[in-house]
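K.L.:
Residue numbers (my numbering), protein chains in the order written: chain A, 1 to 89; chain Z, 90 to 410.
Glycine included, every Cβ here is placed at the ideal spot set by N, Cα and C.
Please read all numbers here as calculations on a predicted model, not as lab measurements.
I'd like to ask some things about the structure below.
Shown next, in the form of structure tokens:
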């Protein structure tokens, strides 16, 4: 199963408030503000996780239906891919 | 859910500033390391990673690096060569502190403060360097490994930091409260020993006295010291003009006093531009600020002198307690 992991090179991040994360992509000096639910997924992506594990994280964290969580996870993965922040293994 | 947010909260903005600061910290430290200059990170990320746990946020506004006194000039040269701007270039030695502030190049400006020593350390700069480099720890800042002083020295730093700023900023107070709460009494005892060797006990006491848990710690450590009025003024956030008066009183000889007063009344352009950011670049605004400053001082001088007298009495009472 494909594991998704945040790129380690040139990517710095920290928590802003609660689960909110801000990240700095040093390759093109772009800041990213990640909202609470994205921030909930962030530590899993730092460690490396499958899509299914990410969905479970949101379902457990927010008590939302699997389908909604899957939609959120896919959207988030897409936005990270758009910025070339994910590595797949 | 999105990785980008159109509007930023205050916390997000502060966190982004910290990322920028960390990035500059790592960049500067790497340049220094390449030049064989050893540095210690005194505050900022070193305090955040030490005292704040998961879910607790500690933001910071600049970079504070301690440099070996014999490599200080070389370090400044490196910053200059890399486009950093010395904010007090052209100021007299009298106007300079032991900390030199440099502004990074580029769009996102970050202040890098190079320290020869730390606030109110009485011992020579070399002694502080030896003491703080005797035992160090490493932390990761923006993926870069940096040295910071050991916990004992960091206890002293957070106390002296509050002694310098008093209640002006909330973060140093929070740092000190957490350090008092979370660091073992044995470590604090060792910190007092370091303060003794560095002739910084009065300043440490002045800092600890600012917060209630710090006062309690002083009692536990049986720590007391006569706090000079100059330190009392800083710790109590009394306008620093009182400190100028205190220093004026300490200057010997009429000629010396007149010289000191003239330097304070007519500081250099560099100092004025540093102190009053708004006048950067404009000669007329600079002149107007000089005039405003002098006029305000002379109009307020009777009340300033009266306040100074009261401050001295308060400082004496605090020491008598």
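Pick helix, strand or coil for residue 91 of chain Z, following the three-state DSSP scheme.
P.N.:
Residue confidence for residue 91 of chain Z is low, a pLDDT of 49 falling below 50, so the modelled location carries little weight and cannot support an answer.
K.L.:
Counting only C-beta atoms, is residue 4 of chain A closer than 9 Å to chain Z at any point?
P.N.:
False, the Cβ-Cβ gap to chain Z never drops below 9 Å.
K.L.:
Just to confirm, is the Cβ distance from residue 85 of chain A to residue 11 of chain A under 9 Å?
P.N.:
Cβ atoms of residue 85 of chain A and residue 11 of chain A: closer than 9 Å.
K.L.:
Less than 9 Å between the beta carbons of residue 77 of chain Z and residue 128 of chain Z, yes or no?
P.N.:
A question about residue 77 of chain Z goes unanswered here, because the residues of chain Z that appear run from 90 up to 410.
K.L.:
Under 9 Å, do residue 266 of chain Z and residue 294 of chain Z count as touching if we go by C-beta distance?
P.N.:
No; because the gap between Cβ atoms is not below 9 Å, this pair is not in contact.
K.L.:
Please list, in chain order, all residues of the same chain as residue 49 of chain A whose beta carbon is under 7 Å from its beta carbon, the five residues on each side excluded.
P.N.:
So the qualifying residues of the chain are 3, 4.
K.L.:
Alpha carbon to alpha carbon, how far is residue 91 of chain Z from residue 75 of chain A?
P.N.:
In this predicted model, residue 91 of chain Z has a pLDDT of only 49, less than 50, meaning its place in the structure is not dependable; the value taken from the coordinates is given anyway. When rounded, the distance between both Cα atoms is 7 Å.
K.L.:
Consult DSSP for residue 357 of chain Z and reduce its assignment to one of helix, strand or coil.
P.N.:
Of the three classes helix, strand and coil, the one that applies to residue 357 of chain Z here is coil, per DSSP.
K.L.:
If you follow the beta strand (DSSP E) that residue 32 of chain A is part of, which residue opens it and which one closes it?
P.N.:
From DSSP, the beta strand (DSSP E) with residue 32 of chain A extends over 30-34.
K.L.:
Report the neighbours of residue 114 of chain Z on chain A: residues whose CB is nearer than 9 Å to its CB, in chain order.
P.N.:
Here the premise fails: no neighbours, minimum Cβ distance about 11 Å.
K.L.:
On the three-state DSSP scale, how would you describe residue 15 of chain A?
P.N.:
Of the three classes helix, strand and coil, the one that applies to residue 15 of chain A here is strand, per DSSP.
K.L.:
Determine which residues share a DSSP beta bridge with residue 191 of chain Z and list them.
P.N.:
In the DSSP output, where bridge partners are listed per residue, residue 191 of chain Z has Z/175, Z/201.
K.L.:
Since residue 242 of chain Z and residue 321 of chain Z are thought to touch, with beta carbons under 8 Å apart, how far apart are those beta carbons, to the nearest angstrom?
P.N.:
Contact doesn't hold; Cβ gap of about 24 Å is too wide.
K.L.:
By the 10 Å Cβ neighbour count, where 16 or more other Cβ atoms means buried, how is residue 80 of chain A classified, buried or exposed?
P.N.:
By the neighbour-count rule (16 or more Cβ atoms within 10 Å), residue 80 of chain A is buried.
K.L.:
What's the C-alpha gap between residue 185 of chain Z and residue 97 of chain Z?
P.N.:
Taking the straight line joining both Cα atoms gives about 37 Å.
K.L.:
List, in chain order, every chain Z residue whose beta-carbon is nearer than 7 Å to that of residue 14 of chain A.
P.N.:
Chain Z residues near residue 14 of chain A: 104, 107, 108.
K.L.:
With a threshold of 9 Å between beta carbons, is residue 59 of chain A in contact with chain Z?
P.N.:
Cβ-Cβ to chain Z under 9 Å: no for residue 59 of chain A.
K.L.:
Between residue 20 of chain A and residue 101 of chain Z, how many whole angstroms is the CB-CB distance? I'm expecting something under 8 Å.
P.N.:
So it is a contact: roughly 6 Å between Cβ atoms.
K.L.:
Against chain A, does residue 187 of chain Z count as a neighbour if the rule is that its beta carbon must be under 9 Å from one of theirs?
P.N.:
No, no contact with chain A.
K.L.:
Can you find a CB in chain Z that lies within less than 9 Å of the CB of residue 70 of chain A?
P.N.:
No, no contact with chain Z.
K.L.:
When the Cβ atoms of the region 298-306 of chain Z are set against those of the region 253-273 of chain Z, are three or more pairs found closer than 8 Å?
P.N.:
Yes, the region 298-306 of chain Z is in contact with the region 253-273 of chain Z.
K.L.:
If I measure Cβ to Cβ from residue 109 of chain Z and keep anything under 7 Å in the same chain, skipping five residues before and after, which residues do I get?
P.N.:
The answer, listed in chain order, is 197, 199.
K.L.:
Name the two residues that bound the continuous alpha helix (DSSP H) containing residue 337 of chain Z.
P.N.:
Start and end: 330-339.
K.L.:
So which of A/38, A/87, A/9, A/43 has the shortest CA-CA distance to residue 143 of chain Z?
P.N.:
Considering only alpha carbons, the answer is A/43.
K.L.:
In terms of alpha-carbon separation, which member of Z/216, Z/289, Z/278, Z/213 lies closest to residue 240 of chain Z?
P.N.:
Among Z/216, Z/289, Z/278, Z/213, the Cα nearest to that of residue 240 of chain Z belongs to Z/278.
K.L.:
Please report the straight-line C-alpha distance between residue 409 of chain Z and residue 298 of chain Z, rounded to a whole angstrom.
P.N.:
So the alpha carbons of these two residues sit roughly 14 Å apart.
K.L.:
Please classify residue 331 of chain Z: is it buried, with 16 or more other beta-carbons within 10 angstroms of its beta-carbon, or exposed?
P.N.:
So residue 331 of chain Z counts as buried.
K.L.:
Quick check on residue 105 of chain Z: buried or exposed, where buried means 16 or more other Cβ atoms within 10 Å of its Cβ?
P.N.:
That one is buried.
K.L.:
Might you give, ordered along the chain, the residues of its own chain that have their beta carbon closer than 8 Å to the beta carbon of residue 301 of chain Z, omitting 5 neighbours on each side?
P.N.:
Result list for residue 301 of chain Z: empty, nothing under 8 Å.
K.L.:
How about residue 131 of chain Z and residue 261 of chain Z: do their beta carbons lie closer than 9 Å?
P.N.:
Going by C-beta atoms, residue 131 of chain Z is not nearer than 9 Å to residue 261 of chain Z.
K.L.:
Comparing alpha-carbon positions, which option in Z/401, Z/384, Z/385, Z/359 lies nearest residue 180 of chain Z?
P.N.:
The residue with the shortest Cα to Cα distance from residue 180 of chain Z is Z/359.
K.L.:
Just to confirm, are residue 399 of chain Z and residue 326 of chain Z a CB contact at a threshold of 9 Å?
P.N.:
Cβ atoms of residue 399 of chain Z and residue 326 of chain Z: not closer than 9 Å.
K.L.:
Beta-carbon within less than 6 Å of residue 187 of chain Z's beta-carbon, same chain only, minus the 5 sequence neighbours each way: which residues are those?
P.N.:
For residue 187 of chain Z, where only same-chain residues beyond five positions count, the Cβ hits under 6 Å are 205, 206.
K.L.:
Measure the beta-carbon distance from residue 135 of chain Z to residue 228 of chain Z and round it to whole angstroms, keeping in mind my assumption that it falls under 8 Å.
P.N.:
Sure, about 6 Å apart at Cβ, within 8 Å.
K.L.:
Using CA coordinates, which residue listed in Z/289, Z/354, Z/146, Z/201 is at the minimum distance from residue 250 of chain Z?
P.N.:
Checked all of Z/289, Z/354, Z/146, Z/201; the closest Cα to residue 250 of chain Z is Z/289.
K.L.:
Return no unless some Cβ of chain B is closer than 9 Å to the Cβ of residue 98 of chain Z.
P.N.:
Among the protein chains of the structure shown, namely A and Z, there is no chain B.
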